[in-house]
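Numbered by the numbering used here, the letters in the sequence shown go through residues 5 to 738 in order.
Ideal Cβ positions, reconstructed from N, Cα and C, are used throughout, including at glycine.
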Amino acid sequence: MASNAVLADQFPSEQSSAIGGVDSNEIVVTATRSGAQSIQNVPISVTALNPEALQRQGNDALSDISRAVPGLFIQEQGGGQNKIVMRGINATSGINQTDTAENALVSVYLDDVPISIQGSTPDIRVYDLERVEFLRGPQGTLFGAGAMAGTVRYITRKPGLSSFEGSAEGSLATTRGGDNSYSVRGMINVPLVTDQLGLRVTAYRGKDGGYIDNVVGADNFNDLDMTQVRSIVRYQNQSNFTADLSYLYGNVDSSARSFAYDGLEEYEFQANNPSGLKDRFHIFNFAPQLEIGSITLFSSTSYISRKYTFFDSQEFFSAGLLGLDTPEAAALTVNDITDFTQEFRVTTDQSRPLRVQLGAFYERQTRHYDQSNVWPGLDSAFGIDSLDFFAEAPDQIFRSDTNTKTKQLAFFGEVAYSPVPALDLTAGLRYFDWSQHYTLLTAGLAGVDASGQPLTLAGDSKANGFNPRAAASYHVTDDVMIYAEAARGFRYGGINQVVPLDFCGPALAAQGLAAAPIDFGPDKLWSYTIGEKAQFLDRKVTLNVAAFLANWNDVQTRRNLDSCGYNFTENSGRIRSKGLEIESRVQPTDNLSLTASGSYTDAKTRDINPNIAPFAGARVPYFPKYIMSIGAEYEIPLKGTNLILQGDYTYRSSTGTRFNPADLGYRTIPASNVFNAAITLEADSFSVSLFAKNLTDEYVIQGIYNNAYPAIQPGDTLTVGRPRTVGLRVKKQF
Numbered sequence: 005m006a007s008n009a010v011l012a013d014q015f016p017s018e019q020s021s022a023i024g025g026v027d028s029n030e031i032v033v034t035a036t037r038s039g040a041q042s043i044q045n046v047p048i049s050v051t052a053l054n055p056e057a058l059q060r061q062g063n064d065a066l067s068d069i070s071r072a073v074p075g076l077f078i079q080e081q082g083g084g085q086n087k088i089v090m091r092g093i094n095a096t097s098g099i100n101q102t103d104t105a106e107n108a109l110v111s112v113y114l115d116d117v118p119i120s121i122q123g124s125t126p127d128i129r130v131y132d133l134e135r136v137e138f139l140r141g142p143q144g145t146l147f148g149a150g151a152m153a154g155t156v157r158y159i160t161r162k163p164g165l166s167s168f169e170g171s172a173e174g175s176l177a178t179t180r181g182g183d184n185s186y187s188v189r190g191m192i193n194v195p196l197v198t199d200q201l202g203l204r205v206t207a208y209r210g211k212d213g214g215y216i217d218n219v220v221g222a223d224n225f226n227d228l229d230m231t232q233v234r235s236i237v238r239y240q241n242q243s244n245f246t247a248d249l250s251y252l253y254g255n256v257d258s259s260a261r262s263f264a265y266d267g268l269e270e271y272e273f274q275a276n277n278p279s280g281l282k283d284r285f286h287i288f289n290f291a292p293q294l295e296i297g298s299i300t301l302f303s304s305t306s307y308i309s310r311k312y313t314f315f316d317s318q319e320f321f322s323a324g325l326l327g328l329d330t331p332e333a334a335a336l337t338v339n340d341i342t343d344f345t346q347e348f349r350v351t352t353d354q355s356r357p358l359r360v361q362l363g364a365f366y367e368r369q370t371r372h373y374d375q376s377n378v379w380p381g382l383d384s385a386f387g388i389d390s391l392d393f394f395a396e397a398p399d400q401i402f403r404s405d406t407n408t409k410t411k412q413l414a415f416f417g418e419v420a421y422s423p424v425p426a427l428d429l430t431a432g433l434r435y436f437d438w439s440q441h442y443t444l445l446t447a448g449l450a451g452v453d454a455s456g457q458p459l460t461l462a463g464d465s466k467a468n469g470f471n472p473r474a475a476a477s478y479h480v481t482d483d484v485m486i487y488a489e490a491a492r493g494f495r496y497g498g499i500n501q502v503v504p505l506d507f508c509g510p511a512l513a514a515q516g517l518a519a520a521p522i523d524f525g526p527d528k529l530w531s532y533t534i535g536e537k538a539q540f541l542d543r544k545v546t547l548n549v550a551a552f553l554a555n556w557n558d559v560q561t562r563r564n565l566d567s568c569g570y571n572f573t574e575n576s577g578r579i580r581s582k583g584l585e586i587e588s589r590v591q592p593t594d595n596l597s598l599t600a601s602g603s604y605t606d607a608k609t610r611d612i613n614p615n616i617a618p619f620a621g622a623r624v625p626y627f628p629k630y631i632m633s634i635g636a637e638y639e640i641p642l643k644g645t646n647l648i649l650q651g652d653y654t655y656r657s658s659t660g661t662r663f664n665p666a667d668l669g670y671r672t673i674p675a676s677n678v679f680n681a682a683i684t685l686e687a688d689s690f691s692v693s694l695f696a697k698n699l700t701d702e703y704v705i706q707g708i709y710n711n712a713y714p715a716i717q718p719g720d721t722l723t724v725g726r727p728r729t730v731g732l733r734v735k736k737q738f
């Protein structure tokens, strides 16, 4: 859970050097992909977090650091299984790992590599990063279809070419009622050829101790082990050419996710079978850049290979659906993904009145999704042989095999013009052409048609169109800017899993449907933002405010068939989200920083739609109306060292789990109040921190999945945050 004090680092702070002509007392971002700019001069709503300040508090994951970001909410299940929501642009209830149809609304980038997968973006640990950028609002012109609500960017540190350096860091923490956690990490930077060729390697190894007790198994059984290794080789000639070759390896192994049942004691779950996950990924990237006069040519070639596996215990599902006494009932889900992307960009001199950026983007992705549900005792209970229903093993009630091949080609450009130095006008456009070929097969008793044959489907989906953007900014003074922006966001459509009529016919009929739709169309969004970025009193006071209105049409929503375990995606109605985002910092003295941020988001349906809610004005699920964070950082100079005191408080208001409060499955996620603190003793090359997260030991509920079988299952399924955790971090630089 991030200290809001880290938000101070998006405002003026001490930086080691200037970048691209930007004053060294400013934090810089590359949010517009046209070079480094002061965050106060970028005419979009953006937050940049400093990893160094985050690490003092023992924060490693995106879910930790993002709590202080206004207009952002992350649904978590542990192990990097999260769904990122910005500005209330959300229409589905929680995370469904068996849903291959839902596409991301927020894009996530590692430098210039897109890594987003809805519900399961790789968990990049916060170490040896320049910063993490959060861009709110549609970024589709520069970042593509997955950026309809916003973009998150991890910006890595690049190799230094002139000097050898390194660091080693370790942390140990204890969680109230849970296991201990630890992490070790290191970085080494080696100039292989002085001023021309360098290598930078970082490594992370850690364990997040479990804190959920399995009442029929082990205590603290949701522990997580993670390994990550990142290497970057940089070549730079003496004048105008730079090339980076990078590789990231990640491996996650979790015994269970962060589930608890509300019918048991706090932090208790019941599972007779594994309910964890495994995730392994490889990310390669080659990024050369050439400067020719006033023109900069940039290329990014990337390849991702990823395989992640989920295990689910299904003893209550099998008992509730078919009345089986099968404690060993379980499901196994495997996603195997490869993704190749190529992007080219041409940028003109950004110091001139007329500035141009042109680019092209290509992506080819293959995805194999396999699901297997085995319920021991099924065959004997019903006097059947599952193999007769084309299962691959006895007692396999369901299996699915889904293959998709996706391609997209896009061309984009932005033109910025400054008729006078204080005024900037920007217009951008992206053309995209997207296609997907898919094959689906389901089998087993719950996956065949009325004649007992496997359900199969093959087909193609296509979409093309334009995403425009326009923006204007005006500097009233050197330290006060006002801006306005209009942008269109777009998300592709897709295909649904086949819903068998003989198995789910009654559930479909109960909702007035003869069959489930085979596919669904794209949805789109227009967003309008006005804002100001201002600094006063010799830049000791900073106040950034943005107001937005977003109209979302043909919204992709998920319909759940709870009684048979299936779901499908459809286009249903319109949603309007409007709100306000505020970030501020006050520095009364050189040693004291006070920060505050917050957002108000009012996201509701605009139609009477029985698929969502029988009235207009239903609030979107899983997004708090109010998010607020305040923090303080105080530095005490001592002889040869500095003592840094940090503290913060984050509030999130309650939110619903579905649109319609009258739905039997509607639940309210309670408001949360989280306090964090850290004390750091910092010398030239050594630091030690004592940190505490969730200081008041709040029982933080992050998600609720309603209980479809209350007579059998001990309550709703909750995803819950970590109890109070206290730890020690030591870092040595050399």
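Residues in the same chain with beta-carbon distance under 8 Å from residue i, minus the five sequence neighbours each way, listed in chain order, please.
| i | result |
| --- | --- |
| Ala620 | Lys608, Thr609, Arg610, Asp611, Ile612 |
| Leu65 | In the sequence as displayed, the identity of residue 65 is Ala instead of Leu. So the qualifying residues of the chain are Gly84, Asp127, Arg129, Val130. |
| Gly719 | Tyr265, Asp266, Gly267, Leu268, Asn711 |
Relative to the C-alpha of residue i, which candidate in the options has its C-alpha closest?
| i | options | result |
| --- | --- | --- |
| Leu294 | Thr337, Phe348, Asp257 | Phe348 |
| Thr443 | Asn564, Tyr373, Ile88 | Tyr373 |
| Ile299 | Val350, Leu328, Thr330, Gln274 | Val350 |
| Ala414 | Ala426, Phe470, Thr370 | Phe470 |
| Phe416 | Lys643, Leu362, Asp453, Thr645 | Leu362 |
| Asp688 | Gln737, Asn677, Phe494 | Gln737 |
| Arg728 | Ile236, Ser185, Thr125 | Ser185 |
| Gln346 | Val730, Leu326, Arg368 | Arg368 |
| Asn218 | Pro618, Glu56, Ile69, Tyr271 | Tyr271 |
| Gly731 | Ser693, Thr723, Gly725, Gly707 | Ser693 |
| Ala520 | Ala35, Tyr570, Pro423, Leu553 | Tyr570 |
| Ser175 | Arg189, Glu169, Asp183 | Arg189 |
| Gln650 | Ala260, Ser187, Leu596 | Leu596 |
| Arg371 | Thr410, Gln354, Pro423 | Thr410 |
| Val678 | Ile640, Gly660, Gly725, Leu647 | Gly725 |
| Ser167 | Thr645, Leu196, Gly635, Phe627 | Leu196 |
Below 8 Å on the Cβ atoms is my contact criterion, and I expect residue i with residue j to pass it. Report the Cβ-Cβ distance as a whole number of Å.
| i | j | result |
| --- | --- | --- |
| Asn548 | Glu587 | 5 Å |
| Leu459 | Gly451 | 6 Å |
| Pro142 | Ala551 | Wrong, their Cβ atoms sit about 16 Å apart, outside the cutoff. |
| Ala334 | Val378 | 6 Å |
| Arg671 | Asn615 | With 8 Å as the limit, Arg671 and Asn615 do not qualify as a contact, their Cβ atoms being about 19 Å apart. |
| Tyr208 | Ser235 | Contact flag wrong, Cβ pair sits at about 13 Å. |
Here's a check: name, in chain order, each residue in its chain whose Cβ is nearer than 7 Å to the Cβ of residue i, leaving out the five neighbours to either side.
| i | result |
| --- | --- |
| Tyr240 | The question names Tyr, but residue 240 in the sequence shown is Gln. Once the five neighbours on either side are set aside, the close Cβ partners of Gln240 are Leu165, Gln200, Thr246. |
| Tyr496 | Asn107, Ala149, Trp438, Ala467, Pro526 |
| Val559 | Ala95, Asp527, Asn575, Ser576, Gly577, Arg578, Ile579 |
| Tyr421 | Pro357, Leu358, Leu429 |
| Phe320 | Tyr713, Ile716, Gln717 |
| Phe627 | Phe77, Val89, Gly92, Asn94, Thr605, Ala607, Thr659 |
Only counting the same chain, and skipping five residues up and downstream in sequence, which positions put a Cβ closer than 6 Å to that of residue i?
| i | result |
| --- | --- |
| Gly25 | Only weak support exists for where Gly25 lies, its pLDDT of 33 falling under 50; the coordinates are left without a value. |
| Lys544 | Gln591 |
| Phe288 | Tyr251, Tyr307 |
| Phe394 | Ala447, Pro458 |
| Ser171 | Met191, Gln737 |
| Arg284 | Asn255, Lys311 |
| Ile121 | none |
| Gly35 | The amino acid occupying residue 35 in the given sequence is Ala; Gly does not appear at that position. Cβ within range, chain order: Val46, Val50, Glu137, Leu139. |
| Leu553 | Tyr532, Lys582 |
Can the beta-carbon of residue i be found less than 8 Å from the beta-carbon of residue j?
| i | j | result |
| --- | --- | --- |
| Thr446 | Ser404 | yes |
| Gln440 | Thr408 | yes |
| Leu529 | Met90 | no |
| Asp453 | Asp506 | yes |
| Ser259 | Asp223 | no |
| Asn54 | Arg161 | no |
Using a beta-carbon distance below 8 Å, is residue i in contact with chain D?
| i | result |
| --- | --- |
| Pro425 | Structure shown: chain D not included; a single protein chain is present. |
Taking three-plus beta-carbon pairs below 8 Å as touching, is the region 71-80 in contact with the region 629-645? Note that the region 71-80 touches the region 629-645; at least 3 beta-carbon pairs, one per stretch, sit closer than 8 Å.
Examine the Cβ distances between the region 52-69 and the region 682-699 and report whether three or more of them are shorter than 8 Å. Contact between the region 52-69 and the region 682-699 is present: 3 or more CB-CB pairs across the two stretches fall below 8 Å.
The region 532-539 in contact with the region 481-488 per 3-pair CB rule at 8 Å: With the rule of 3 Cβ pairs closer than 8 Å, the region 532-539 counts as touching the region 481-488.
Spell out a yes or no on whether the region 193-213 and the region 150-158 are touching, meaning 3 or more CB-CB pairs, one atom from each, closer than 8 Å. Pairwise C-beta distances place the region 193-213 out of contact with the region 150-158, as fewer than three of them are shorter than 8 Å.
Does the region 168-182 come into contact with the region 209-224, if we say contact requires no fewer than three beta-carbon pairs (one atom in each stretch) closer than 8 Å? Yes: at least three Cβ pairs fall under 8 Å.
Three or more beta-carbon pairs under 8 Å between the region 304-319 and the region 334-344, yes or no? The region 304-319, when compared against the region 334-344, does touch it at the 8 Å Cβ threshold.
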